Structures are given as C-alpha cells and as structure tokens.
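Heads up, the thing below is written out as structure tokens.
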Amino acid sequence: MALAGCHERTTLDLDAGPADASPPGATGLIEIEGPTTLALAPGEHAEFVARWTDADGRPVAVRDVSFALEGMARDSTLFSLGGRTDEEGRVTGMVIAGSETATFRLRVVAPGARAAYLDVAVSGDGFGRLVVAVEGGDGRDIAQRTVLVHQSTSGSVSCEDALTRREADRSRTTDALGEAVFAPLPAAQRFTIVARATSSASVIVAEGCVADVTLEPTGDTRATVTLVPRTLGIEGEYDAELALQAGTAPRVAADTLAIALEAAVVASGGDASMMLDALESALRDRGAIAALSALEAARATGTAERDLATRLVVEEASLVGGLQLVLDEVVTLHDALVVDGVLFVAGSMDGPVASFTRGEVRLGDADAEPVMIDLREVGITARAPASVRWTAETDVLQLESMRIELPIATLLLAGIDALARARGVESAGGLIASRGGCDVLQAWIAEQDEIGAACSAECATAACDAVGAAVMTLARGATEPLDALRARVVLSGPLTSEDADGNLTVDALRAAALSGAWRSADGLTGEPIDATFGGARISPLP
224 MALAGCHERT TLDLDAGPAD ASPPGATGLI EIEGPTTLAL APGEHAEFVA RWTDADGRPV
284 AVRDVSFALE GMARDSTLFS LGGRTDEEGR VTGMVIAGSE TATFRLRVVA PGARAAYLDV
344 AVSGDGFGRL VVAVEGGDGR DIAQRTVLVH QSTSGSVSCE DALTRREADR SRTTDALGEA
404 VFAPLPAAQR FTIVARATSS ASVIVAEGCV ADVTLEPTGD TRATVTLVPR TLGIEGEYDA
464 ELALQAGTAP RVAADTLAIA LEAAVVASGG DASMMLDALE SALRDRGAIA ALSALEAARA
524 TGTAERDLAT RLVVEEASLV GGLQLVLDEV VTLHDALVVD GVLFVAGSMD GPVASFTRGE
584 VRLGDADAEP VMIDLREVGI TARAPASVRW TAETDVLQLE SMRIELPIAT LLLAGIDALA
644 RARGVESAGG LIASRGGCDV LQAWIAEQDE IGAACSAECA TAACDAVGAA VMTLARGATE
704 PLDALRARVV LSGPLTSEDA DGNLTVDALR AAALSGAWRS ADGLTGEPID ATFGGARISP
764 LP
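Put into structure tokens, the structure is as follows:
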C-alpha cells in the first residue's frame with residue numbers, strides 16, 4: 224500500500240503556466256501586440272510591442288516595464304532590459320539572436336500587471352513544428368493536460384531530470400484532440416517532452432515523458448506521451464463495513480453446542496430438576512416459607528420431578544430444545560453478518576501499516592430491525608491487524624491478510640443476548656425459557672394449591688428467567704472447545720480505491736470478493752468464507 228508520505232503532492236496554477244512572473248493580486252494586463260512567436264536566424268534582430276492596460280482596460284501611460292529572457296537563450300540577448308510606456312500604454316523592445324541554436328521565452332512584466340510572454344526560436348537550419356499527442360492517465364480525475372518541452376543541446380535532458388523541473392522552454396495545454404502544437408522550433412534540435420495531467424484540485428495526478436525527439440526541418444514531427452498515473456496516498460481513518468458470508472460454520476457450531484448442552488443439562492439433573500431449582504430460588508427470594516416447604520416435600524418424594532418431567536415430555540418441550548430454537552434463529556441471522564468498524568492506515572518506511580478496529584457486529588438483513596452485538600461488551604478483541612500493499616502500476620490495494628478474532632460459539636451466544644434485546648425480552652434466559660417449556664412450568668405451578676397461591680405470574684416468570692439463565696451459564700461453559708475450533712476469520716483479496724476529489728488521496732475502498740477461512744485457534748483447520756468490504760474516509764491522520 225502506498226500511503227500518504229509515500230508520494231509528494233504537487234500543485235500548479237492552471238491559468239498561468241509553469242513560469243508565470245505575474246505579481247500576486249495583479250489587476251492590470253500586459254499583452255504582446257502582433258505575433259506571440261519569433262523565428263530568427265542567427266544574428267537577426269526583431270522588434271516586439273507590448274501594451275499595458277489597467278483593470279478597466281485603460282492604457283497605463285508613462286510607466287516603466289521590464290524585459291527578461293527565460294530559459295536557455297545561449298548567446299541571444301535583448302537590446303535593453305526595459306522601457307517606458309507611451310500615452311497608449313505601448314512599449315517597444317528588441318530581441319537580438321545570437322549564433323547558437325536556442326529556444327527560450329521573452330518576458331514583459333510590470334508592477335501590478337499580469338506578465339506577457341513571447342516565444343523565441345533561433346536556428347540556422349530552419350524551423351519545424353512539433354505535434355505532441357497525450358494519452359493514458361485513465362482512472363484519474365483529469366481537468367487539464369499540459370505538455371512541456373525541454374531543449375537538449377550539448378547533452379540530452381533525461382526524463383528523470385525533466386520530470387523534476389517545474390519550468391520548461393515551451394508549454395501548452397492540449398486541445399480537444401488531446402494534442403499540443405509547438406511552432407516554430409529550431410529544426411534538427413533534440414527535445415525532451417513531458418506531459419502532466421492536473422486534477423480539478425490542481426494536483427498533478429499523472430505524468431509521462433519522451434526523451435530525444437529530433438525536430439524534422441520539414442513537415443510535422445509527431446510524438447506521443449503516455450501518462451502514468453501517480454500513486455495514490457492512503458492515510459487516516461475509514462468508516463468500514465465488512466460483510467461476511469459465513470457458510471456452514473455457525474450451523475455446525477450451533478448443533479455442536481446444543482449436543483454439549485444436552486449432556487450438561489442431564490448432568491445437572493435434567494429439565495424438571497433445573498426448573499424446580501429455579502422455582503425454589505424464586506420462592507425463597509419472596510419469603511414464601513410455607514410454599515417452599517411444600518415444594519421441598521414434594522421433591523423429597525420425587526413426585527414433583529416426575530410430574531413436571533412427564534408434562535414436559537407430553538408437550539414436547541425441553542430447555543435444550545428452547546435453546547436450539549433460539550440458536551436456529553441466530554444462525555439464520557448469521558446469513559447476513561456485517562462487522563462495522565474503522566480501518567486505520569498509516570505510512571512507514573517499510574510500507575503501509577493498517578488495522579481494523581471493530582465496534583459492532585450487525586446480524587440480519589439491512590431492511591430488517593438490526594440485531595447488534597457490541598464486541599467490547601462480549602470481550603472479543605477489537606483490533607484486527609492487517610497487511611496491505613499496492614499492486615504495482617494500479618490503484619488496487621492488495622489485502623494480503625486481515626485476522627479478525629470472532630470465536631464462533633461466543634458470537635452465537637452474544638447473538639442470543641442481542642436477539643433478546645431486539646425483541647424486547649428482559650434477558651436471553653427469558654427468551655430461551657419461553658421456547659423451552661416455561662409455559663409448562665407456569666401451568667404446573669398454577670395447579671399446586673399452596674405453591675400456586677404463593678407464586679404469582681411474576682414469580683413464575685422469575686423462575687423461568689432463572690432457569691433460562693442457568694441454561695445460558697451451561698452453554699457458556701461449553702464454548703471454549705468450539706471457540707478454539709473456529710476462533711478467527713482470516714481474509715485476503717484486492718481492494719479497489721477511489722480518489723473522489725482529485726487530490727491523490729484515497730477517499731473510498733471497495734472489495735467485491737475477499738476470500739479466506741474461519742480458522743481454528745492453532746491455524747491448522749478452517750472453513751472457507753467469503754466477504755465484501757467497503758470503507759469511506761472519515762478523517763486524515765493528525
């Protein structure tokens with residue numbers, strides 16, 4: 224991943240060109256009258272006329288104006304370095320061509336006015352026309368393409384050198400055909416050509432170069448420069464959403480958890496015994512001593528357990544069955560499992576550094592009432608390390624690995640808690656008991672004279688909630704081996720990047736197809752899993 228800090232953002236004035244000597248806030252204007260190019264033979268002299276007007280278009284009279292040569296003029300020179308305007312705002316100067324081939328610019332400037340420029344070419348071999356076509360740069364926000372021409376004399380101007388220069392001997396923006404035309408230029412001279420693309424944010428987003436183009440003395444000399452996009456920077460925080468296609472892992476874990484829980488319930492005395500334990504606790508909490516004594520007596524003879532157990536069998540109700548029904552619903556919700564968080568990216572000398580800090584897991588379809596799990600409340604590690612790098616010469620960011628701690632059984636039980644909250648049920652235990660025989664227990668309580676009189680509907684509900692909580696406690700005790708079997712999600716794949724405002728900074732990241740596995744804690748086994756990813760930049764680094 225090439226991040227901010229791995230590229231240098233460069234801005235250009237899109238109006239003035241690469242060497243504008245106009246003072247800041249200039250309101251006046253200097254213009255060359257007549258041709259804005261001169262083609263001179265060695266030793267030839269040529270006059271030029273410039274006119275200075277103010278912001279309202281009125282001539283600026285009897286004011287000093289400066290002349291200067293820019294670029295490699297060699298031994299060409301000026302008759303004078305300035306002049307004074309007449310009553311019409313005009314000033315006259317003279318260029319004296321030297322003996323050496325040269326390509327340069329004449330600058331006319333005055334305080335408070337935008338400068339004027341005159342292109343000058345000196346050659347004893349005639350003059351030609353250079354036509355430069357610019358192509359490429361796809362995928363960048365390009366507002367303007369500019370071509371810069373550097374002359375070579377005793378030695379070639381390398382592309383490496385030319386690309387670092389902000390000024391050139393000639394510069395033009397491309398026309399509607401994507402071409403820039405330079406004429407006249409000295410024939411038989413070699414040129415290095417740079418093309419730059421700037422965005423709507425005035426940032427150079429792509430550039431290219433061709434070296435050692437020799438101008439033909441007749442006709443057009445054509446050259447093509449291919450723009451190479453500059454590398455995007457990616458640095459800061461991105462509001463991210465990771466949608467997992469969980470496969471069969473939640474289903475397998477839920478079924479295994481139910482089997483483990485069934486053994487735990489049997490070890491605790493069975494459904495009827497756990498329910499009556501919860502009822503005893505409810506009666507004791509309410510100080511219903513007589514009813515508690517009656518229940519203890521019935522349990523001492525075994526009649527209470529037998530009667531309640533028989534009713535549960537008849538009604539085909541069980542605590543494990545209740546948990547299984549709730550787990551089935553949670554597993555279905557895992558078909559749309561989205562991890563919400565923040566992707567943090569920073570640059571370093573060794574490349575990108577990234578991590579994904581997760582806040583919540585969202586279960587269920589986007590158009591349904593969300594079932595939310597706060598990972599921090601569950602005790603799941605929030606920060607997930609990520610390894611990323613740019614794919615060469617593309618805007619594709621390769622996610623080489625991202626490890627997200629998502630212990631499957633803990634996630635399922637957290638889903639039960641979240642589902643209870645979403646349904647307005649007081650507790651996960653209450654949700655389980657409501658589907659695992661709570662109605663049978665309530666009916667049995669109501670039929671017991673002394674117990675029923677002391678244990679109201681609120682008391683019976685408390686007993687149901689308590690036995691459901693006991694089931695959740697047993698389930699949590701069975702999560703460790705399952706969590707070790709499916710401990711974390713490991714993903715990799717390409718992320719496409721988007722620079723929305725043309726400032727060479729990634730504003731959004733997308734991945735339509737990440738792949739990986741829901742792996743065991745030891746990393747030896749895993750189940751395939753796919754994912755999509757989307758992230759939008761919310762803040763830069765401080």
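For the sequence shown, the working numbering assigns the number 224 to the initial residue and increments by one for each residue that follows. C-beta atoms are modelled at their ideal positions from N, C-alpha and C, and glycine is treated no differently. The structure presented is a predicted model; accordingly, all values stated were derived computationally and were not measured.
When the Cα of residue i is compared with those of the options, which residue comes out closest?
i	options	result
Gly544	Thr748, Ala698, Gly305 and Ser375	Ala698
Ile512	Ala740, Thr259, Glu673 and Val285	Glu673
Val729	Leu455, Val713 and Gly266	Leu455
Asp298	Arg389, Thr324 and Gly248	Thr324
Ala481	Ser425, Leu705, Asp590 and Leu747	Leu705
Leu292	Glu311, Val283, Arg281 and Met317	Met317
Val568	Arg606, Cys682 and Ser657	Arg606
Leu450	Trp667, Glu616, Ala424 and Ile631	Glu616
Asp662	Ala495, Asp745, Thr555 and Ala740	Ala495
Glu310	Thr276, Arg534, Leu546 and Thr421	Thr276
Gly351	Arg313, Leu304, Ala406 and Leu386	Ala406
Asp443	Pro409, Thr580 and Asp384	Pro409
Thr696	Thr604, Glu750 and Leu542	Leu542
Met625	Ala609, Asp558, Ala637 and Thr614	Ala609
Gln468	Gly510, Cys682 and Leu737	Leu737
Ala472	Leu353, Thr748 and Leu727	Thr748
Arg307	Ala269, Ile319, Ser289 and Thr300	Ser289
Thr447	Glu439, Thr441 and Ala418	Ala418
Thr215	Leu386, Ala403 and Leu329	Nothing can be reported for residue 215: it is not among the residues displayed for the chain, which extend from 224 to 765.
Ser322	Ala356, Glu267 and Arg313	Glu267
Ala540	Gly659, Arg363 and Gly675	Gly659
Gln665	Glu703, Thr702, Ala637 and Leu499	Leu499
Along the chain, where does the beta strand (DSSP E) that runs through residue i open and close?
i	result
Gln374	Gln367 to Ser375
Ser715	Arg711 to Glu721
Arg419	Arg413 to Thr421
Thr449	Asp443 to Pro452
Val285	Counting along the chain, Val285 falls outside any beta strand (DSSP E), and DSSP gives it neither H nor E.
Ala735	Ala731 to Arg742
Glu262	According to the sequence provided, residue 262 is Ala. The question's Glu does not apply to it. That run of the beta strand (DSSP E) goes Thr260 to Leu263.
Just to confirm the assignment, what range does the alpha helix (DSSP H) spanning residue i have?
i	result
Cys432	No alpha helix (DSSP H) contains Cys432, which is instead part of the beta strand (DSSP E) from Ile427 to Thr437.
Glu670	Cys661 to Glu670
Glu552	Leu542 to Leu556
Thr633	Ile631 to Ala645
Val537	Thr526 to Val537
Arg474	Ala472 to Ala490
Ala692	Ala680 to Gly700
Leu455	Leu455 -> no alpha helix (DSSP H), and no H or E assigned at all.
Glu519	Ile512 to Ala523
Val601	Leu598 to Val601
Ala605	That residue, Ala605, is in no alpha helix (DSSP H); it is neither H nor E in DSSP.
Leu386	Here Leu386 belongs to no alpha helix (DSSP H), and DSSP marks it neither H nor E.
Gly653	Ala651 to Arg658
Glu503	Asp494 to Asp508
Provide the residue(s) that pair with residue i in DSSP beta bridges, ordered along the chain.
i	result
Gly351	Leu408
Val561	Ala466 and Arg585
Thr396	Thr369
Asp724	The partner list for Asp724 (beta bridge, DSSP) is empty, contrary to what the question assumes.
Ile253	Trp275
Pro751	Ala740
Thr300	Ile319
Val619	Thr719
Ile627	Val712
Thr580	Val565 and Arg606
Ser762	Glu460
Query raised in the report: Is it a yes or a no for the stretch 637-646 touching the stretch 752-760, going by three-plus beta-carbon pairs under 8 Å?
Result: Counting Cβ pairs under 8 Å, fewer than three are found: no touch.
**Report entry** Uninterrupted beta strand (DSSP E) stretches inside the stretch 306-348 (no shorter than 3 residues)
**Finding:** The qualifying runs are 313-319, 325-332 and 339-345.
Requested in this report: Indicate whether the contact test is met: 3 or more Cβ pairs, each with one atom in the stretch 389-403 and one in the stretch 368-375, closer than 8 Å.
Outcome: Contact between the stretch 389-403 and the stretch 368-375 is present: 3 or more CB-CB pairs across the two stretches fall below 8 Å.
Report task. Could you tell me whether the stretch 614-621 touches the stretch 714-728, using the rule of 3 or more Cβ pairs below 8 Å? Result -> Cβ pair count under 8 Å is three or more, so yes.
**Report entry** Meets three-Cβ-pair contact criterion under 8 Å: the stretch 512-523 and the stretch 625-632
**Finding:** Contact between the stretch 512-523 and the stretch 625-632 is absent, because fewer than three Cβ pairs lie under 8 Å.
Report task. Assess, as a yes-or-no matter, whether the stretch 273-287 is touched by the stretch 242-257 under the definition of 3 or more beta carbon pairs within less than 8 Å. Result -> A contact exists between the stretch 242-257 and the stretch 273-287.
Query raised in the report: Is it true that the stretch 646-658 meets the stretch 675-693, where meeting means three or more beta-carbon pairs spaced less than 8 Å apart?
Result: Contact between the stretch 646-658 and the stretch 675-693 is present, with at least three C-beta pairs closer than 8 Å.
Query raised in the report: Between the stretch 422-440 and the stretch 525-533, are three or more C-beta pairs nearer than 8 Å?
Result: These segments do not touch.
Query - contact_flag[the stretch 550-567, the stretch 587-596] where n(CB pairs < 8 Å) is 3 or more - result: Yes: the two stretches touch, three or more of their Cβ pairs being nearer than 8 Å.
Requested in this report: Taking 8 Å as the threshold, find out whether the stretch 329-339 comes into contact with the stretch 414-432 through three or more Cβ pairs.
Outcome: Inter-segment contact for the stretch 329-339 and the stretch 414-432 is absent: fewer than three beta-carbon pairs are separated by less than 8 Å.
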